[in-house]
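Data first, discussion second: the structure below is written as structure tokens.
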Amino acid sequence: MPKIKIKKELLHTPKGTRDILSDEAKNWEFIETKAKEIASYYGFRQIRTPHLEKTELFTPVGEFTDIVEKQMYSFRTRGGDHLSLRPEGTIPIMRSYLQHGMNALPQPVMLYYSGSFFRHESPQRGRFREFGQFGLEMIGEEDAIADAIVIRVMTLILEELGLGQFTVHINTLGDQECRPIYRKELLNYYRRKVNYLCKDCKKRLKTNPLRLLDCVEEKCIELKKDAPQMIEYACDACRKHFREVFEFLDKLQIPYFLDHHLVRGLDYYTRTVFEIFYNPPVPLEEPKKAPIINTDLEEESVKTFPPQEVPTEEPPPMIVPERAAPLKLAIGSGGRYDQLSGTLSPKKIAGVGGALGIDRLVEIIIKSKIQIIKETHPKIFLIQLGPQGKQQSLVLLEEFRKAKMSVASALAKDSLKNQLRITNNLKVQYALILGQKEAIDGTIIVRDMASGAQETIDQSKLIDYFKKLKKNKKY
RNA sequence: GCGUCCAUAGCUUAGUGGUAAAGCACUGCUCUGUGGAGGCAGCUAUGAGGGUUCGAUCCCCUCUGGACGCCCCA
Numbered sequence: 010m011p012k013i014k015i016k017k018e019l020l021h022t023p024k025g026t027r028d029i030l031s032d033e034a035k036n037w038e039f040i041e042t043k044a045k046e047i048a049s050y051y052g053f054r055q056i057r058t059p060h061l062e063k064t065e066l067f068t069p070v071g072e073f074t075d076i077v078e079k080q081m082y083s084f085r086t087r088g089g090d091h092l093s094l095r096p097e098g099t100i101p102i103m104r105s106y107l108q109h110g111m112n113a114l115p116q117p118v119m120l121y122y123s124g125s126f127f128r129h130e131s132p133q134r135g136r137f138r139e140f141g142q143f144g145l146e147m148i149g150e151e152d153a154i155a156d157a158i159v160i161r162v163m164t165l166i167l168e169e170l171g172l173g174q175f176t177v178h179i180n181t182l183g184d185q186e187c188r189p190i191y192r193k194e195l196l197n198y199y200r201r202k203v204n205y206l207c208k209d210c211k212k213r214l215k216t217n218p219l220r221l222l223d224c225v226e227e228k229c230i231e232l233k234k235d236a237p238q239m240i241e242y243a244c245d246a247c248r249k250h251f252r253e254v255f256e257f258l259d260k261l262q263i264p265y266f267l268d269h270h271l272v273r274g275l276d277y278y279t280r281t282v283f284e285i286f287y288n289p290p291v292p293l294e295e296p297k298k299a300p301i302i303n304t305d306l307e308e309e310s311v312k313t314f315p316p317q318e319v320p321t322e323e324p325p326p327m328i329v330p331e332r333a334a335p336l337k338l339a340i341g342s343g344g345r346y347d348q349l350s351g352t353l354s355p356k357k358i359a360g361v362g363g364a365l366g367i368d369r370l371v372e373i374i375i376k377s378k379i380q381i382i383k384e385t386h387p388k389i390f391l392i393q394l395g396p397q398g399k400q401q402s403l404v405l406l407e408e409f410r411k412a413k414m415s416v417a418s419a420l421a422k423d424s425l426k427n428q429l430r431i432t433n434n435l436k437v438q439y440a441l442i443l444g445q446k447e448a449i450d451g452t453i454i455v456r457d458m459a460s461g462a463q464e465t466i467d468q469s470k471l472i473d474y475f476k477k478l479k480k481n482k483k484y
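So, in structure tokens, the structure goes:
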């Protein structure tokens, strides 16, 4: 045999992507199943859109956002079309809504989706180039109750997964009417201080002034303190909408946090925006000192919005140990996008949605050792010996399947010892032994693995035998 | 895009300027039809490419990949 030169680098998933192996995949499946179940209960129905869309479709994400600027997987097809792997879920769904005239359906149209999204970024904790999201969209409803329902269902999913320790950060970005006014104010404020801004923020001033608010440079944080806040400039309608949203959240006892500096990376958002953070019960590292940003936020939120009381269950004071990264990662986010449809069609369609990052949920579940999936062992294992035993075992397995009983086997193995070892490793309760002799006699040996007791019975009575055991809760 | 650290078998780790050791796992045998143990055997690695050197897995550079942070985001 000539030696083959093996390209080892081929045996590696592309950067930022990974295989989800069986054990982890169980968690994915569990999360997705749970999420679908809850979303369906609330009236959301599934939608599956292509992983590929026309590149241009995503421009409403924002011309100067990183996503559009440099994170999209875009390419030209052989036919000359410009396509992209979808970097987010909302726009394709809005496209679908418009394409299929869903405005003719009873409104709002409530949809959920689950699948992969793609962004070309440098990978790090909780960030991959292909990542999973479970998302909800409620299209065709302007009322604040829609915002609340989206948040309710998302948080309910978290609770049901045993991840009840979260805080919803929420803010309003105003609408077409009031945001430009606010933007202007913000610009006025910062223009006078342009020399004190960091390099990035000087750029932001031109491209996306709202982003100035979440800069983490010390000098910018300092300036932010006195910066005008959106809520002060929100028009009456936006103000009312925002108040209604967190009145609903109060009612639902969802721990939230008015974060006046929350702005999102996607330009199409209007009014409500939110991000959900997970707060582990026990921080991985003790916080050395309270981070400036958060104490600062907390005071402001109370001060700025007295009309409603902050929920009695005070959101945990966002302890963000400086070095414990997991806490900083949003596990879900979303917002309202009443203007989005306007960029794609003449129709004005309101909408609100949000998505959970499945990769991050899985990570939390694994790290915090939350047992969501019971380990399941097969209860019965079929051992076969000899050619006839092997043949007959195929027949028996099929009978078990029809009877809806699950039976494990290792048909490729030949030695009894080997198969028994596997049976034992799988912690199986009963082994069935079907050898040449039994195959000819039409019998089979049932072995209780715990006691080692065996009895020989007719194959024809096998299913009934186990049905009876099951009835008596013997396994 | 930037920064810090990292790279030895499927996994977890040793080790040395003279081509590598162990545990776990896996496969088989011991034992043509009765498991968990033991024994024996087998398998598999210095991420890629350059440089320094008589000689590099070890020192240097580049690349690739990873972890973490920044930016940004789920």
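Using this note's numbering, read the first sequence as starting at 10 and increasing by one per residue. A virtual CB, placed ideally from N, CA and C, is assigned to each residue, including glycine.
Given residue i, which residues of its chain have a CB within under 7 Å of its CB, disregarding the five upstream and five downstream residues?
| i | result |
| --- | --- |
| M147 | P117, M119, A155, I158, V159, G360, V361, G362 |
| F67 | V77, M81, S93, P96, I100 |
| T74 | G274, L275, D276 |
| L478 | Y484 |
| G351 | K357 |
Quick check on the burial criterion: 16 or more other C-beta atoms within 10 angstroms. Buried or exposed for residue i?
| i | result |
| --- | --- |
| N427 | exposed |
| P101 | buried |
| K411 | exposed |
| P69 | buried |
| R188 | buried |
| T279 | buried |
| K483 | exposed |
| V311 | Because V311 sits at a pLDDT of 32, beneath the cut-off of 50, its placement in the model cannot be relied upon, and the following sentence gives the value as read from the coordinates. Exposed: under 16 other Cβ atoms inside 10 Å. |
| V203 | exposed |
| E447 | buried |
| E284 | buried |
| T164 | buried |
| T432 | buried |
| Y199 | buried |
| Y205 | exposed |
Can you name, in chain order, every residue of its own chain whose Cβ lies under 8 Å from the Cβ of residue i, other than the five neighbours on each side?
| i | result |
| --- | --- |
| D223 | H270, L271, V272 |
| H60 | L94, R95, G124, S125, F127 |
| I301 | Low local confidence applies: a pLDDT of 26 at I301 is under 50, so the model's placement there is unreliable, with the coordinate-based value given in what follows. Counting only Cβ-Cβ distances below 8 Å, and skipping sequence neighbours, we find I230. |
| E62 | L92, S93, R95, I100, P101, R104 |
| E33 | V371, I375 |
Tell me which same chain residues have a C-beta within less than 6 Å of the C-beta of residue i, skipping the five on either side of it?
| i | result |
| --- | --- |
| D450 | none |
| E331 | Legend: pLDDT at E331 = 28, less than 50; position of this residue unreliable, no value from coordinates given. |
| I190 | Y242 |
| H250 | A153, R280 |
| T58 | P101, S105 |
| G52 | M119 |
| S402 | L391, Q393, L443 |
| L167 | F175 |
Measure the Cβ-Cβ separation of residue i and residue j and say whether it is below 9 Å.
| i | j | result |
| --- | --- | --- |
| I340 | F257 | no |
| L182 | G344 | yes |
| V371 | I47 | no |
| S342 | V282 | yes |
| K211 | H129 | no |
| Q55 | Y106 | no |
| D259 | I179 | no |
| L337 | E169 | Per the sequence shown, the amino acid found at residue 337 is Lys instead of Leu. Contact flag unset, no. |
| G135 | R430 | no |
| G141 | I367 | yes |
| E186 | P237 | no |
| R192 | P218 | yes |
Between which two residues does the beta strand (DSSP E) containing residue i stretch?
| i | result |
| --- | --- |
| F255 | That residue, F255, is in no beta strand (DSSP E); its alpha helix (DSSP H) goes 245-261. |
| S123 | 118-127 |
| L365 | 360-366 |
| T42 | No beta strand (DSSP E) contains T42, which is instead part of the alpha helix (DSSP H) from 31-50. |
| T279 | 279-287 |
| A440 | 439-443 |
| Y474 | Not the beta strand (DSSP E): Y474 falls in the alpha helix (DSSP H), residues 471-480. |
Since residue i is in the alpha helix (DSSP H), which residue starts that stretch and which ends it?
| i | result |
| --- | --- |
| N197 | 187-200 |
| I76 | No alpha helix (DSSP H) holds I76; DSSP gives it neither H nor E. |
| L453 | One point to set straight first is that residue 453 is Ile, not Leu, in the sequence displayed. Per DSSP, I453 belongs to no alpha helix (DSSP H); it is in the beta strand (DSSP E), 452-457. |
| S418 | Run containing S418: none in the alpha helix (DSSP H); it sits in the beta strand (DSSP E), 416-418. |
| D268 | Run containing D268: none; DSSP gives neither H nor E here. |
| S83 | Element bounds for S83: not the alpha helix (DSSP H) but the beta strand (DSSP E), 83-85. |
| M163 | 153-169 |
My guess is that residue i and residue j are in contact by the Cβ rule of under 8 Å, so how many angstroms apart are they, rounded?
| i | j | result |
| --- | --- | --- |
| L405 | L443 | 7 Å |
| F143 | A459 | The pair is not a contact, with the Cβ atoms about 41 Å apart (cut-off 8 Å). |
| I472 | E408 | 6 Å |
| G395 | Q445 | 4 Å |
| Y439 | I389 | 5 Å |
| D184 | C247 | 6 Å |
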